[in-house]
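There are 2 protein chains.
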Amino acid sequence: MPTFEVLAEPSRRKILDLLRDGERSVNELVVDLRASQPSVSKHLRVLREAGMVNVRVDAQKRCYSLNPTPLAEVDAWLEPYRKFWNTRLDALERHLDARSQQ
Amino acid sequence: MPTFEVLAEPSRRKILDLLRDGERSVNELVVDLRASQPSVSKHLRVLREAGMVNVRVDAQKRCYSLNPTPLAEVDAWLEPYRKFWNTRLDALERHLDARSQQ
DNA sequence: CGGGCATATAACCACTACGGAATACTCGTC
DNA sequence: GACGAGTATTCCGTAGTGGTTATATGCCCG
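In the order they appear, the protein sequences are chains P and R.
22 is the number of the first residue of the first sequence in our numbering; add one for each residue after it.
22 is the number of the first residue of the second sequence in our numbering; add one for each residue after it.
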């Protein structure tokens with residue numbers, strides 16, 4: 022599934038957010054997300070196949086950790102837009118400066 | 022529709038990309054996207070309702086222009102991840118530095 | 001005011017994604 | 001080797017999305 026589609030799911034974004042604090046087992050994620058275990062497992066599969074998380078097997082547990090690399094694609098897409106809201110902010114600043122001259 | 026879902030559609034991202042170069046009429050977008058007119062109109066509606074584009078009426082034509090503001094939400098979500106691939110790059114740099122010492 | 005241009009909307013269809021319940025798998029333990 | 005914990009997978013039902021065709025709307029012009 023393409024990166025942007027993966028991120029369209031709020032639960033999946035939240036999983037990534039949680040994994041920023043370090044690796045978590047499936048059950049820990051289930052608790053934090055207040056979702057069913059199959060649901061979380063399915064989302065984790067999507068994230069795995071998109072290369073956004075890594076798995077470490079620890080007996081029965083699977084510990085998932087963050088792989089932020091694919092997010093660079095989003096960052097790259099966003100890049101050309103950044104100058105737009107920068108120039109917007111610049112315009113706003115100029116506007117405010119002009120007002121402060123009064 | 023939430024920002025991330027709006028962006029999940031490749032055609033919609035492409036529309037935004039095209040509008041970076043300035044406003045376009047629906048028909049111009051239809052040509053550039055090689056898509057049907059109703060399809061483009063629907064995508065434009067989604068983008069409109071998400072506040073990502075503005076419309077200017079010019080006789081029969083509707084000229085759409087970019088409103089990048091909602092993209093700031095994506096940028097904000099992405100922000101905490103940026104340091105991750107920075108530290109990854111740092112790690113890569115250290116690795117390369119270490120190799121160059123040999 | 002009739003016709004053609006530009007766009008929006010409606011109605012329909014195919015597809016897929018998500019959630020829940022049930023089940024299968026796999027490992028460590030007794 | 002039976003059992004339970006932890007997780008993955010399967011099998012539904014459902015809802016929503018995107019595409020196409022057909023139609024409606026609004027505007028300019030002759």
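The beta-carbon is built from N, C-alpha and C at its ideal position, and this holds for glycine as well.
Quantities reported herein were computed from a predicted structural model and do not represent experimental measurements.
- A distance below 7 Å between beta-carbons, with the five flanking residues on each side excluded, links T24 of chain R to the following residues of its chain, in chain order: A71, P91, E94, V95.
- According to DSSP, residue pairing for V76 of chain P in a beta bridge involves P:Y85.
- V61 of chain R sits away from V76 of chain R, with the two beta carbons spaced by 8 Å or more.
- By the C-beta density criterion, A97 of chain R is exposed, having fewer than 16 other C-beta atoms within 10 angstroms.
- With fewer than 16 other Cβ atoms inside 10 Å of its own Cβ, V78 of chain P counts as exposed.
- Interface with chain R (8 Å Cβ-Cβ cutoff): P91 of chain P is excluded.
- Distances from the CA of R34 of chain P to each of P:N88, P:R83, P:C84 were compared; the closest alpha carbon is that of P:N88.
- Taking all protein chains in view, the Cβ of A80 of chain P is surrounded by fewer than 16 other Cβ atoms within 10 Å, so the residue is classified as exposed.
- According to the DSSP assignment, T90 of chain P belongs to no alpha helix (DSSP H), since it is labelled neither H nor E.
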